[in-house]
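Per numbering that gives the first Met the number 0, residue 0 is the first one in the sequence shown, and the count goes up by one each step.
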Amino acid sequence: MAETLRGAVRERATARVLFGWIVVVAVLYALLGSSPLQLATSLATGAVVGTAGLLTEVYDLRDEVESLALGVVSLAGGAALVAVEGGHQSAGVSFLLIGAWTTLDAGQVLRHRGVADPSKARDGREVYRDYVARRVHEAVRDQPRTPRELREALDADGEDVDRAVEELEARGVLRRVGGELRSADDDEQADRGPLARTRSVVAAGLRRLARPVAIEFESESSATGDVR
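Printed below as a string of structure tokens:
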């Protein structure tokens, strides 16, 4: 596993990545007028989150590990900005608020669901099938297509495309209209008015914000059910 980690580091530490970091520093410092402390906070955040993302990928951890790293660094950076920058504390307060919610959200997920992500511990064949299914859904969502058009459009084996179509149809993600395949999501959106769609987006956002609390209640409900 250590060799895998070293290989992943070598793959990411390219000249292009280093040049990108230099550009980010130049934009923050020269064009946006960021203070040295703000610049250091941004760079530290990027470094810590990048390291957490690398570990998440190599060791098959949940994506919330990366989010937790972002939240902790944001809290530390926000506290430093508030303490040092005096009256100009909008950036520091923003860092604190974002960091507090991100840390709470990621921490709750990891505490109740574990650090390892079971969905990532799969063989290559399963991962490839999921990839083909995503490509099929994206292609049909862009425009309705017949099964033959799908096989011609996607760089995948025809049998794998057909299997993905069958699975997506069974799950209700795709449906047939005449000889074409359509995305069920698009049909639902077309049947609803602008106000209903707006409400749906707002409701989804509120549910996302409330997830740290919702996970706690879900855990308590499951524990109560186990006792019964």
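Heads up, the beta-carbon is just placed ideally off N, CA and C, and yes, glycines get one too. All values reported here derive from a predicted model rather than from experimental measurement.
Out of the options, which has the shortest C-alpha to C-alpha gap to residue i?
i, options, result
"Thr44", "Glu65, Leu173, Gly113 and Thr55", "Glu65"
"Leu67", "Thr40, Tyr58 and Gln107", "Gln107"
"Val135", "Gly113, Leu194, Ala79 and Ala152", "Ala152"
"Arg124", "Ser34, Ala169 and Ala163", "Ala163"
"Leu36", "Ala51, Gln88, Arg198 and Arg61", "Gln88"
"Ala132", "Pro117, Glu165, Ser118 and Val83", "Glu165"
"Arg128", "Leu208, Val160 and Gly171", "Val160"
"Tyr58", "Val172, Pro193, Asp116 and Arg170", "Asp116"
"Leu96", "Ala213, Leu208 and Ile214", "Leu208"
"Val172", "Leu42, Leu194, Arg140 and Asp154", "Arg140"
"Glu137", "Leu167, Val114, Gly113 and Phe94", "Leu167"
"Ala155", "Tyr130, Arg175 and Ser93", "Tyr130"
On the three-state DSSP scale, how would you describe residue i?
i, result
"Arg174", "strand"
"Leu153", "coil"
"Ile214", "helix"
"Ala209", "coil"
Is residue i near the ligand MN, going by C-beta to nearest heavy atom under 7 Å?
i, result
"Val164", "By its list of ligands, the structure shown contains no ligand whatsoever, and the ligand MN lies outside what it can speak to."
Once the 5 residues before and after residue i are set aside, which same chain residues still bring their CB inside 6 Å of it?
i, result
"Thr40", "Gly76"
"Ile214", "Gln107 and His111"
"Leu109", "Glu63"
Ordered along the chain, which non-local residues of its own chain (more than five positions away) have a Cβ less than 8 Å from that of residue i?
i, result
"Val48", "Glu65, Ala68, Leu69 and Val72"
"Phe216", "none"
"Thr55", "Arg61, Asp62, Val64 and Glu65"
"Gly157", "Arg150"
"Thr50", "Ala68"
So, for residue i: in the same chain, excluding its five sequence neighbours on each side, which residues have a beta-carbon less than 7 Å away from its beta-carbon?
i, result
"Pro211", "Leu103, Asp104 and Gln107"
"Gly91", "Gly77, Leu80, Val81 and Glu84"
"Leu194", "none"
Quick check on the DSSP output: what are the complete alpha helix (DSSP H) runs of length 4 or more inside the region 33-91, in order along the chain?
35-57 and 63-83
Measuring CB atoms only, is the region 193-204 touching the region 96-104, in the sense that at least three cross pairs come out at less than 8 Å?
no
Are at least three pairs of beta-carbons, each pair with one atom in the region 130-147 and one in the region 165-181, less than 8 Å apart?
yes
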